[in-house]
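J.: Letter by letter, the sequence shown follows residues 0 to 210 in numbering that gives the first Met the number 0.
Using N, Cα and C, we set each Cβ at its ideal position, and we do this for glycine too.
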Amino acid sequence: MRLVFLGPPGSGKGTQAKILAGKKGLKHISTGDVLREAIKNGTELGRKAKQFMDAGELVPDDIILGMIKEILQKNKDGFIFDGFPRTAAQAEALDKLMAGLSITLDAAVNLAVNDAEVLNRLTGRFFCSKCGADFNINTRPPRESGICDKCGGELKQRDDDKTEVIANRLRVYREKTKPVEDYYRSRNVLKNVDGARSFDEVTASIIGILG
Ligand SMILES: [Zn+2]
0 MRLVFLGPPG
10 SGKGTQAKIL
20 AGKKGLKHIS
30 TGDVLREAIK
40 NGTELGRKAK
50 QFMDAGELVP
60 DDIILGMIKE
70 ILQKNKDGFI
80 FDGFPRTAAQ
90 AEALDKLMAG
100 LSITLDAAVN
110 LAVNDAEVLN
120 RLTGRFFCSK
130 CGADFNINTR
140 PPRESGICDK
150 CGGELKQRDD
160 DKTEVIANRL
170 RVYREKTKPV
180 EDYYRSRNVL
190 KNVDGARSFD
200 EVTASIIGIL
210 G
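Here it is, written out as structure tokens:
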């Protein structure tokens, strides 16, 4: 099975992709891992990518695609892409790479979670300023509001989890990935899954859709 997973931050996409990969014996491919591995192994593409990252620049598409190609060649029978493609141009490039290996994508699974739900999930995260324990006011609330269960320390929010930062990340995500969804819809491989349910229900529904 050859799959792409799409979904906004907070949709649980990465964890769902890992679980499905484990159940179905597929290679889980996240671009972050691909980059880190290429850099760690000192491959030619890894060295090039590191130069851009050290300069604080985005790694260009041709380098990312080169790494994706190497991974595809080794795992062409079954994989899940997680966090790639991020643009319609990358989606098209991926199709071309796959055509070169005489393989096709079975499905692009889109974990649909609306903005209000994403905001609710991500802005609910708090951590203890003393011991670092994680809490979520929606799913794992502390016994006493604002106080760590373990050490009594004060709970704080990461800057990344503040409403305006998340709203902005979400806006960027929607702008970039809407065309990716449209692309896969036009190829008849887009499968929407309602991601605003319990984690296990979402897993079951993904497995049901893929058969
Ligand atoms: Zn604590």
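Inspect the beta-carbon positions of Lys49 and Ile62 and report whether they are closer than 8 Å.
T.: Within the sequence shown, the letter at position 50 stands for residue 49. Within the sequence shown, the letter at position 63 stands for residue 62. It is not a contact, given that the beta carbons lie outside the stated cut-off.
J.: Going by DSSP, name the residue or residues bridged to Leu154.
T.: By one-based count along the sequence shown, residue 154 stands at place 155. In DSSP, Leu154 forms a bridge with Cys127.
J.: For Glu194, which residues from the same chain have a beta carbon less than 7 Å from its beta carbon, with the 5 sequence-adjacent residues on both sides left out?
T.: To locate residue 194, count along the sequence shown from 1; it is residue 195. Looking at the sequence provided, one finds Gly at residue 194 rather than Glu. Taken in chain order, the residues that qualify are Gly6, Ser10, Gly11, Leu110, Ala111, Val112, Val201.
J.: In chain order, which continuous runs of the beta strand (DSSP E) of length 3 or greater are located wholly inside the region 5-49?
T.: 26-29, all fully within the region 5-49.
J.: If you draw a straight line from the alpha carbon of Leu25 to that of Gly55, how long is it in whole angstroms?
T.: Along the sequence shown, read from residue 1 onward, the residue named residue 25 stands at position 26. Along the sequence shown, read from residue 1 onward, the residue named residue 55 stands at position 56. Their backbone Cα atoms lie some 33 Å apart in a straight line.
J.: Please determine whether the Cβ atom of Lys47 lies at a distance below 7 Å from any heavy atom of ligand 1.
T.: One-based indexing of the sequence shown puts residue 47 at position 48. Incorrect: Lys47 has no Cβ contact closer than 7 Å to ligand 1.
J.: Might you give, ordered along the chain, the residues of its own chain that have their beta carbon closer than 7 Å to the beta carbon of Glu180, omitting 5 neighbours on each side?
T.: Along the sequence shown, one-based indexing puts residue 180 at 181. Around Glu180: Leu5, Asn109, Leu189.
J.: Since I believe Phe78 is in contact with Arg1 (beta carbons under 8 Å), could you give me their beta-carbon distance rounded to a whole number of angstroms?
T.: Along the sequence shown, one-based indexing puts residue 1 at 2. Along the sequence shown, one-based indexing puts residue 78 at 79. Correct: roughly 6 Å between the Cβ atoms.
J.: Starting from the N-terminal end, write out each residue whose C-beta falls within a distance shorter than 5 Å of any non-hydrogen atom of ligand 1.
T.: Going by the Cβ distance cut-off, the answer is Cys127, Lys129, Cys130, Ala132, Cys147, Lys149, Cys150, Gly152.
J.: Give the DSSP-derived three-state secondary structure of Arg173 in the structure shown.
T.: The count along the sequence shown starts at 1 and reaches residue 173 at position 174. Residue state, collapsed to three classes: helix.
J.: Can you have a look at Cys147 and say buried or exposed, based on whether 16 or more other CB atoms are within 10 angstroms of its CB?
T.: Here residue 147 is taken as the residue at index 148 of the sequence shown, counted from 1. Classification of Cys147: buried, given that the 10 Å Cβ count is 16 or more.
J.: Would you tell me roughly how many angstroms separate the C-alpha atoms of Phe83 and Pro140, rounded to the nearest one?
T.: Taking the sequence shown and counting its residues from 1, one reaches residue 83 at position 84. Taking the sequence shown and counting its residues from 1, one reaches residue 140 at position 141. Distance between the alpha carbons of Phe83 and Pro140 is about 33 Å.
J.: Would you check if the distance between the CB atom of Gly123 and the CB atom of Asn135 is smaller than 8 Å?
T.: As a position in the sequence shown, residue 123 is number 124, starting the count at 1. As a position in the sequence shown, residue 135 is number 136, starting the count at 1. Yes, these two residues count as a Cβ contact at 8 Å.
J.: Cutting at 6 Å between CB atoms, please list the residues of its own chain near Leu104, excluding the five before and the five after it.
T.: Counting from 1 along the sequence shown, the entry for residue 104 is found at position 105. Cβ within range, chain order: Arg1, Val188.
J.: Which value, in whole angstroms, describes the spacing of the CA atoms of Asp199 and Val117?
T.: Numbered from 1 along the sequence shown, position 200 holds the residue referred to as residue 199. Numbered from 1 along the sequence shown, position 118 holds the residue referred to as residue 117. Near 18 Å, if we compare the C-alpha coordinates of Val117 and Asp199.
J.: If I follow the unbroken alpha helix (DSSP H) through Asp114, where does it start and stop?
T.: Residue mapping note: residue 114 aligns to position 115 of the sequence shown, counting from 1. Here the alpha helix (DSSP H) through Asp114 covers 114-121.
J.: Does the beta-carbon distance from Leu100 to Lys73 come in below 8 Å?
T.: In the sequence shown, counting from the first residue as 1, residue 100 sits at position 101. In the sequence shown, counting from the first residue as 1, residue 73 sits at position 74. No. Outside cutoff.
J.: Is the distance from the Cβ of Cys127 to the Cβ of Leu169 below 8 Å?
T.: For the purposes of this step, residue 127 is taken as residue 128 along the sequence shown, with counting starting at 1. For the purposes of this step, residue 169 is taken as residue 170 along the sequence shown, with counting starting at 1. The answer is no: Cβ separation not under 8 Å.
J.: Could you give the first and the last residue of the continuous beta strand (DSSP E) run that contains Asp193?
T.: Position 194 of the sequence shown, counted from the start, is the residue given in the question as residue 193. Residues 189-193.
J.: Assign Ala98 to buried or exposed, taking buried as 16 or more other Cβ atoms, counted over all protein chains shown, within 10 Å of its Cβ.
T.: Taking the sequence shown and counting its residues from 1, one reaches residue 98 at position 99. Exposed, by the Cβ-count rule.
J.: Rounded C-beta distance between Thr176 and Arg120? I'm assuming under 8 Å.
T.: As a first step, residue 176 is located in the sequence shown; it is residue number 177 there, counting from the start. As a first step, residue 120 is located in the sequence shown; it is residue number 121 there, counting from the start. About 18 Å separates the two Cβ atoms, so there is no contact after all.
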